[in-house]
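First the structure, in the form of structure tokens, and then the observations on it.
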Amino acid sequence: MQEKLKKFFSSYINKESFFLDKKLLTHNYIPDKILHRDEQIMSIAKVLAPALKLEQPSNLFIYGTTGTGKSVVIKHIFSELKSTNTTNLKPVYINCKLKKTADTEYRMLAYILRELNFPVPETGLPTESLYNKLFELIDEKEQIILLALDELDALVKKIGDGLIYNLTRINTELKNAKISIIGISNDLSFTDDLDPRVRSSLSEEEIIFPPYNALQLKDILQQRAKIALKPGVCSEGVIEKCAAIAAQEQGDARRALDLLRVAAELAERNEDKKITEKHVDLAEQKLELDRVTELAKTQPRHSQLTLYSILKLFEKGKDQILTGDVYEVYLSLCKRNGYKTLTQRRISDLISELDMLGLISTKVVSKGRYGRTREIRLAIAKKSFDILKSTFSNMFET
DNA sequence: CCTCCACAGGAAGCGCAGGAGT
DNA sequence: ACTCCTGCGCTTCCTGTGGAGG
Numbered sequence: 002m003q004e005k006l007k008k009f010f011s012s013y014i015n016k017e018s019f020f021l022d023k024k025l026l027t028h029n030y031i032p033d034k035i036l037h038r039d040e041q042i043m044s045i046a047k048v049l050a051p052a053l054k055l056e057q058p059s060n061l062f063i064y065g066t067t068g069t070g071k072s073v074v075i076k077h078i079f080s081e082l083k084s085t086n087t088t089n090l091k092p093v094y095i096n097c098k099l100k101k102t103a104d105t106e107y108r109m110l111a112y113i114l115r116e117l118n119f120p121v122p123e124t125g126l127p128t129e130s131l132y133n134k135l136f137e138l139i140d141e142k143e144q145i146i147l148l149a150l151d152e153l154d155a156l157v158k159k160i161g162d163g164l165i166y167n168l169t170r171i172n173t174e175l176k177n178a179k180i181s182i183i184g185i186s187n188d189l190s191f192t193d194d195l196d197p198r199v200r201s202s203l204s205e206e207e208i209i210f211p212p213y214n215a216l217q218l219k220d221i222l223q224q225r226a227k228i229a230l231k232p233g234v235c236s237e238g239v240i241e242k243c244a245a246i247a248a249q250e251q252g253d254a255r256r257a258l259d260l261l262r263v264a265a266e267l268a269e270r271n272e273d274k275k276i277t278e279k280h281v282d283l284a285e286q287k288l289e290l291d292r293v294t295e296l297a298k299t300q301p302r303h304s305q306l307t308l309y310s311i312l313k314l315f316e317k318g319k320d321q322i323l324t325g326d327v328y329e330v331y332l333s334l335c336k337r338n339g340y341k342t343l344t345q346r347r348i349s350d351l352i353s354e355l356d357m358l359g360l361i362s363t364k365v366v367s368k369g370r371y372g373r374t375r376e377i378r379l380a381i382a383k384k385s386f387d388i389l390k391s392t393f394s395n396m397f398e399t
């Protein structure tokens with residue numbers, strides 16, 4: 002047995018990897034050349050260019066679905082700006098969706114302050130004082146702050162538009178410095194919820210990122226594959242297939258890269274000679290599975306119990322699962338496992354959270370005489386369902 | 001046409017943890 | 001040590017509502 006293990010490890014080390022540099026196939030990597038986004042890059046550059054002369058650029062609103070290159074383009078432009086002028090121009094990029102980082106007003110301000118080299122505690126201070134601090138800090142000298150708020154829709158959905166409103170108001174009071182806000186969103190409809198004043202000031206300029214089509218995705222993949230994979234390891238049609246799948250799903254480049262990377266990993270692990278279309282299929286399954294299990298595992302306990310309740314009901318073959326049913330199962334599940342039960346109101350919120358995570362899909366329906374409730378359906382593949390269910394049944398008494 | 005179910009989902013507020021100022 | 005502030009998870013109480021059955 003140990004001999005076998007030794008052999009395995011040594012062959013593993015000596016085995017030729019498919020990758021030259023795996024990092025280049027992740028979405029954290031920002032390529033030097035961004036394909037098929039010239040138009041958008043130039044438009045943004047035109048809007049932001051006045052900053053180089055210390056004139057305040059217009060606020061900018063960028064819209065496009067996931068994986069259309071919004072973040073990459075902004076990061077790219079920011080790093081270019083940083084290399085041209087560092088003293089009076091301060092680009093700050095914030096992803097509002099990062100939990101525990103920038104998902105509340107306080108944390109957002111704290112994050113901005115930290116970016117400006119002014120550390121603040123995670124909690125404890127009145128939010129008001131953070132505004133004052135920010136104001137002082139920025140107005141110290143003549144400068145332009147470029148504030149890119151990625152996934153802005155998530156933030157607004159959670160805490161409203163007060164923060165943006167305050168930021169734009171600060172602007173009018175600043176003497177030396179100016180703030181320009183670049184809002185990035187993958188949901189256009191969210192501007193409906195904004196205060197009209199906020200909306201109009203935020204979208205002084207608007208730029209739309211259209212989804213990539215299959216051909217463009219293919220270009221992007223080829224560009225990356227060239228530097229990330231060894232030549233000749235991809236079979237005919239692999240890149241095309243990744244591109245086609247991703248193109249079907251809203252032209253998401255991130256997805257395309259994930260597919261290719263995981264397909265390569267699977268092929269390598271399986272000691273196959275080449276990456277084939279079959280590996281892409283497997284990669285698609287694996288990505289879904291990983292996403293779902295990771296999501297489910299990191300949920301707080303009562304969310305897990307709620308999800309498990311839904312899984313159990315689903316397994317029983319119920320065609321329509323309602324909030325009340327879920328709550329009943331949840332109660333008995335809690336009882337058997339010795340957990341304190343939460344109220345139905347709370348469970349209702351947990352259900353909509355699970356919905357937002359994309360694990361289930363819910364629809365509010367009216368059943369006339371029999372009330373108004375949510376109809377819950379699972380939004381995961383069969384295989385993920387099985388694995389989730391067995392994970393949970395190991396965690397909890399059933 | 002009216003009723004009334006079974007919830008949705010808003011509002012307020014509570015208790016806790018955790019940091020700052022004093 | 002004490003007070004004041006925050007976010008967060010949660011409860012309590014509440015008003016709102018689409019449509020089947022009367």
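Take the first sequence: its letters are residues 2 to 399, numbered as in my numbering. Each residue gets a CB set at the ideal place from its N, CA and C atoms; glycine is no exception. Keep in mind it's a predicted model, so treat the numbers as computed, not measured.
Taking residue 53 as reference, the option from 256, 179 and 291 with the minimal CA-CA separation is 179. Under the three-state reduction of DSSP output, residue 119 falls in the coil class, being neither helix nor strand.
The alpha-carbon of residue 297 is positioned some 22 Å away from that of residue 319. At the C-beta level, residue 385 and residue 308 stay beyond 7 Å of one another.
Within the same chain, Cβ atoms closer than 7 Å to the Cβ of residue 359 are found at 380, the five residues on either side in sequence being excluded.
Counting the other CB atoms within 10 Å of its CB gives residue 170 a total below 16, which places it among the exposed residues. Beyond the five residues adjoining it in sequence on each side, residue 116 comes within less than 7 Å, by CB distance, of 93 in the same chain, given in chain order. Taking 3 residues as the shortest admissible run, the stretch 13-77 contains the following complete beta strand (DSSP E) segments, listed from N- to C-terminal end: 61-64. In the DSSP assignment, residue 343 falls outside any beta strand (DSSP E) and carries neither an H nor an E. In summary, residue 285 is buried, with 16 or more beta-carbon neighbours lying within 10 Å of its beta-carbon over all protein chains present. Listed in chain order, the alpha helix (DSSP H) runs fully inside the stretch 134-174 are 153-160 and 163-174, counting runs of at least 4 residues. In the displayed model, residue 84 falls within a helix according to three-state DSSP. Look at residue 197 here: in three-state DSSP terms it is helix. In summary, residue 48 is buried, with 16 or more beta-carbon neighbours lying within 10 Å of its beta-carbon over all protein chains present. Here residue 378 is bridged, per DSSP, to 362.
Residue 179 sits in a strand when the DSSP states are folded into three classes. With at least 16 other beta carbons inside 10 angstroms of its own, residue 253 counts as buried. Nearest in C-alpha terms to residue 37, of all of 213, 205, 395 and 188, is 213. Residue 184 counts as buried, since at least 16 other C-beta atoms from the protein chains shown sit within 10 angstroms of its C-beta. Cβ-Cβ separation between residue 46 and residue 78: approximately 6 Å, consistent with a contact (criterion under 8 Å). Separation of residue 374 and residue 354 (C-alpha to C-alpha, rounded to the nearest whole angstrom) is 16 Å. If you check the CB distance, residue 276 and residue 235 come in under 7 Å. DSSP places residue 214 in the coil class of the three-state scheme, outside both helix and strand.
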